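K.L.:
In the numbering used here, the protein residues as written are 1089 to 1262.
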């Protein structure tokens, strides 16, 4: 069910939810002039917060944890995957050119326990297409608060796909 508000003073709010597996997940997006705040959770909480933004030195967004346990990379990985720098095809989600697999690192993002072959949970490659469509990238600084216990790679892929569905359906809200 989609809901939300209009743009007031350059701010647009958009709330939506989805039944992902056995869990009902709620999303809150707040579009600001040059950034996006995205909250994901099942109950009111702000346990983690991360930011991803473009770097002048790389087409891969730089992500940092701002709040919460720094070993929990769910927020920063999601922020980095939703962010995009440069022109079409740039960024961590481009097809081809993968760096060699290193345990715990995927496309320059620290993702404990994952490699390029398990990147769906914290990396850049879509398991079927090998890339994410540029049309569902934010192209701006993004703050993400991921407040769910489940950080399984298959579940986080469902989360990301639900966000991308909403971004495609309502691009003006993001």
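Note that the Cβ used here is the ideal one computed from N, Cα and C, for glycine as well. Small disclaimer: the values here were computed from a predicted structure and weren't measured.
Are the beta-carbon atoms of residue 1165 and residue 1142 separated by less than 8 Å?
P.N.:
Not a contact, by the Cβ cut-off of 8 Å.
K.L.:
Take residue 1156 and list the residues in its own chain whose beta-carbon comes closer than 6 Å to its own, dropping the five residues that flank it on each side.
P.N.:
Closer than 6 Å at Cβ, skipping near neighbours: 1135 and 1136.
K.L.:
Residue 1181 by DSSP, collapsed to three states: which one?
P.N.:
With a pLDDT of only 33 at residue 1181, under the threshold of 50, the placement of this residue in the model should not be trusted; the figure read from the coordinates follows. Note: residue 1181 maps to coil in three-state DSSP.
K.L.:
Less than 8 Å between the CB atoms is what I'm expecting for residue 1128 and residue 1113, so what's the real figure, rounded?
P.N.:
Their Cβ separation, rounded to whole angstroms, is 6 Å, which keeps residue 1128 and residue 1113 in contact under 8 Å.
K.L.:
With respect to the alpha helix (DSSP H) encompassing residue 1107, which residues constitute its N-terminal and C-terminal limits?
P.N.:
Looking at the DSSP string, residue 1107 is not in any alpha helix (DSSP H); the run it does join, the beta strand (DSSP E), is 1099–1108.
K.L.:
Quick check: the Cα distance between residue 1254 and residue 1152, rounded to an integer number of angstroms?
P.N.:
Their backbone Cα atoms lie some 25 Å apart in a straight line.
K.L.:
From 1159, 1238, 1171 and 1244, pick the residue whose C-alpha is nearest to that of residue 1147; which is it?
P.N.:
Residue 1147 has its Cα closest to that of 1171, out of 1159, 1238, 1171 and 1244.
K.L.:
From the DSSP secondary-structure annotation, give me the bridge partner or partners of residue 1255.
P.N.:
Answer is none; residue 1255 lacks a bridge partner.
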